[in-house]
Every structure is written in structure tokens, then in C-alpha cells.
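Engineer: The working numbering numbers the first residue of the sequence shown as 778 and each following residue consecutively.
Even for Gly, the Cβ is constructed at its ideal location relative to N, Cα and C.
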Amino acid sequence: MRRVRVIGVGMGPQHVTREAADALRSVDYVLAFAKGEDDPLLEARAHLCRAYGDRPLVVVSDPPRDRDHPADYARAVRDWHEERVAAHLQVLAERPGDVGMLVWGDPSLYDSTLRIVDALAQHVDLVVDVTPGISAPQLLAARHRIVLHEVGRPLHVTTGRRLREAIDQGQDNVVVMLNRTVDLAGLEDWRIWWGGNLGTRTESLVAGRVGDVLPAIEEARERAKAAAGWVMDIYLLRRPSTAAEGDR
Ligand SMILES: C[S@@+](CC[C@H](N)C(=O)[O-])C[C@H]1O[C@@H](n2cnc3c(N)ncnc32)[C@H](O)[C@@H]1O
778 MRRVRVIGVG MGPQHVTREA ADALRSVDYV LAFAKGEDDP LLEARAHLCR AYGDRPLVVV
838 SDPPRDRDHP ADYARAVRDW HEERVAAHLQ VLAERPGDVG MLVWGDPSLY DSTLRIVDAL
898 AQHVDLVVDV TPGISAPQLL AARHRIVLHE VGRPLHVTTG RRLREAIDQG QDNVVVMLNR
958 TVDLAGLEDW RIWWGGNLGT RTESLVAGRV GDVLPAIEEA RERAKAAAGW VMDIYLLRRP
1018 STAAEGDR
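1) For Ala997 and Gln915, what's the separation of their Cα atoms in angstroms?
2) Leaving out five residues on either side along the sequence, give the residues of the same chain with a beta carbon under 6 Å from the beta carbon of Arg780.
3) Span of the beta strand (DSSP E) holding Thr935?
4) Can you tell me whether Asp906 is buried or exposed? The criterion is at least 16 other CB atoms within 10 Å of its CB, across all chains shown.
5) Using three-state DSSP, classify Leu869 as helix, strand or coil.
6) Which residues in the same chain as Gly1006 place their Cβ atom closer than 8 Å to its Cβ, once the five residues preceding and following it in sequence are excluded?
7) To the nearest whole angstrom, what separates the beta carbons of Ser912 and Leu886, a pair I think is in contact under 8 Å?
8) Pick from Pro790, Arg842 and Glu999: whose alpha carbon is nearest that of Tyr829?
9) Answer yes or no: the CB of Ile1011 versus the heavy atoms of ligand 1, is any distance below 8 Å?
10) Kindly give me the distance between the Cβ atoms of Asp902 and Asn956, rounded to whole angstroms, as I take these residues to be in contact under 8 Å.
11) By alpha-carbon positions, which one of Trp881, His858 and Leu866 ends up nearest to Leu786?
12) Taking just the CA atoms, how far does Asn950 sit from Leu961?
13) Contact check, Leu801 vs Val868 under 8 Å by CB: the rounded distance?
14) Look at the alpha carbon of Ala898 and the alpha carbon of Arg855, and state the distance between them as a whole number of angstroms.
15) Could you name the residues that DSSP lists as bridge partners for Ala984?
16) Please name the residue or residues paired with Ala809 in a DSSP beta bridge.
17) For Leu1013, which of Thr977, Ile969, Val990 and Thr936 has the nearest alpha-carbon?
18) Should Leu925 go down as buried or exposed, given a rule of 16 or more other Cβ atoms within 10 Å for buried?
19) Would you mind giving the Cβ-Cβ distance between Arg842 and Ala853, rounded to the nearest angstrom? I have them listed as a contact below 8 Å.
20) Please confirm whether Gly973 and Leu964 have their CB atoms less than 9 Å apart.
21) According to the neighbour-count rule (16 or more other Cβ atoms, all chains shown, within 10 Å of its Cβ), is Pro931 buried or exposed?
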């Protein structure tokens, strides 16, 4: 039986919980994928390995993924997952011992690690556990000092690609992740709480009426990208009729 520990590490070393630190120290090595040669999260993972138990970081190159043909999106993701699984199986075969897999934020949100682990378990006997981490929506809410929805109301979490679908469904409070751009045409009267590179030195925040603050968000995205070399951003959008102050 191999043990695989999926460890949420939040948005940076300051978010590593005692439980996550103990899990990291308990494994024989940490397995990570490098998304290209300058994957910004790889150095963060290496830092965590050094800080907690000095476990070796075994890096595998992420297989290339076809991101440019949305019509084939599901197929492209499936192929990419299969290649990732094959690469993991190879490492497991070559290296004995317990494996740690570090997840940015929390494994429950837009992360494929647990799906990969499920696929691995079809080939190898595994015992799996998960340590939760602080996710980007939690940090966004904390930084803006907001509740993500009004009293007793639902919250919808989606991707930039699916935002319009959520609007058309009538969602009032939408957290939007995985943004390639921030395209909010026609939503000028909605309220937005935006955060870029949260938890890092280049963190920035913008909030207000979409029509008023969109240029500031675009500038903040460019600034973060220039300063850090990358930008990851997230925002909450609230429909105008439900955006009354003191509504929480
Ligand atoms: C692949 S998902 C990973 C989400 C992560 N598992 C979590 O719990 O938040 C990456 C997306 O999360 C959001 N995100 C992750 N880190 C962020 C950060 N430091 N600042 C702002 N958004 C972030 C962005 O929307 C980014 O495109």
C-alpha cells in the first residue's frame, strides 16, 4: 500500500496550517508538475519542502495542453489528464515511499490533483488523505472584509469562460476564477470585489461599480503581471438589485 497525501497549502507559506506542515514532514518526497520552465508556483513548492522537513521535490514536466480550441475542451483536458496520470505512475514505480502532493489553495476548488489520484488508484493500491488549505475565494473575502453573499442567499462559483452562463441563469453572487481576461461588457452596474496575486508581495485589490473601476482593474492586472511575471485573479460580482450596503 502506498500512501498519498494531498496537502492544501493556501496562497503562500503564511497559510500553511500545522496540519499541513505535519503532513509535509511525514512524506518521503513531494511530487509536483512544472507548468513550463518558469512555473511561478514551483519555487513556492520548493520553498515549502525546504521549510517543512526538507523533503525532496520530484518535478515532472506538465504535458502540453491544447488550450486554444474550446470546441475540443473536454477532450483536450481528458488527454492531458491521461498523460499526467502516466507520468505520475512512472514516478511511483521508480520511487518507493509515501508521496506528498501540494495543492495551491484548497484541493476542492479547480484542482485536478484528486482526480489524478483517483485515476492512479485504479493502477496502484493507495491510501489517500487530504489536508485542506485556504482557498482564493476565502482570501478574497477576507481582504475585502465581505461575506460573499447576502443573508441566506446562494453563492455561485464559476470560471471566466462560464460567467455569461451564470448571469443568464440569474445568479446574483458570482465568484469568478480562472480568468484569461476580465470581460464585463454589459455588466457596468454590477458591483465587483477584485483581487490579484492575493497573499503575495504583488497583491492588489479593487472594489466598486464595474463601470467605474474596470480601468483600475485592468491597470492592476498589468501592474501585477509586470511586477511578478504572472497574474492570478479572482472576483466577486454582485447583481445591482441585491448590492445594497449593510446587507450582510
Ligand atoms: C487552478 S485554480 C486553483 C484554485 C485553488 N485550488 C483555490 O483553492 O483557490 C487557479 C485560480 O484560482 C485563483 N487564484 C489562485 N491563487 C490566487 C491568488 N493568489 N490570487 C488571486 N486569485 C488566485 C485564480 O482565479 C486562478 O486562476
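Structural biologist: For this structure:
1) Whole-angstrom Cα-Cα distance: 20 Å.
2) Taken in chain order, the residues that qualify are Asp875 and Val904.
3) That run of the beta strand (DSSP E) goes His933 to Thr936.
4) Note on Asp906: under 16 other CB atoms within 10 angstroms of its CB, so exposed under the neighbour-count rule.
5) In this structure, DSSP gives Leu869 a helical state, which the three-state scheme calls helix.
6) Result list for Gly1006: Asp815 and Pro817, in chain order.
7) Right, the Cβ-Cβ distance comes to about 5 Å (below 8 Å), so this counts as a contact.
8) Among Pro790, Arg842 and Glu999, the Cα nearest to that of Tyr829 belongs to Pro790.
9) Taking non-hydrogen atoms of ligand 1 into account, the C-beta of Ile1011 is found less than 8 Å away from one of them.
10) Taking 8 Å as the upper bound for CB-CB distance, Asp902 and Asn956 are not in contact here, some 39 Å apart.
11) In the sequence as displayed, the identity of residue 786 is Val instead of Leu. In terms of CA proximity to Val786, Trp881 leads the group Trp881, His858 and Leu866.
12) A straight line joining the alpha-carbon of Leu961 with that of Asn950 spans about 14 Å.
13) That belief does not hold up - the Cβ atoms of Leu801 and Val868 are roughly 18 Å apart, past 8 Å.
14) Approximately 17 Å, taken between the alpha carbons.
15) Trp970.
16) DSSP lists Val836 as partners of Ala809.
17) Per the C-alpha coordinates, the member of Thr977, Ile969, Val990 and Thr936 positioned closest to Leu1013 is Ile969.
18) Flag for Leu925 reads buried.
19) Rounded, the Cβ-Cβ distance is 6 Å, consistent with contact.
20) No; because the gap between Cβ atoms is not below 9 Å, this pair is not in contact.
21) Note on Pro931: under 16 other CB atoms within 10 angstroms of its CB, so exposed under the neighbour-count rule.
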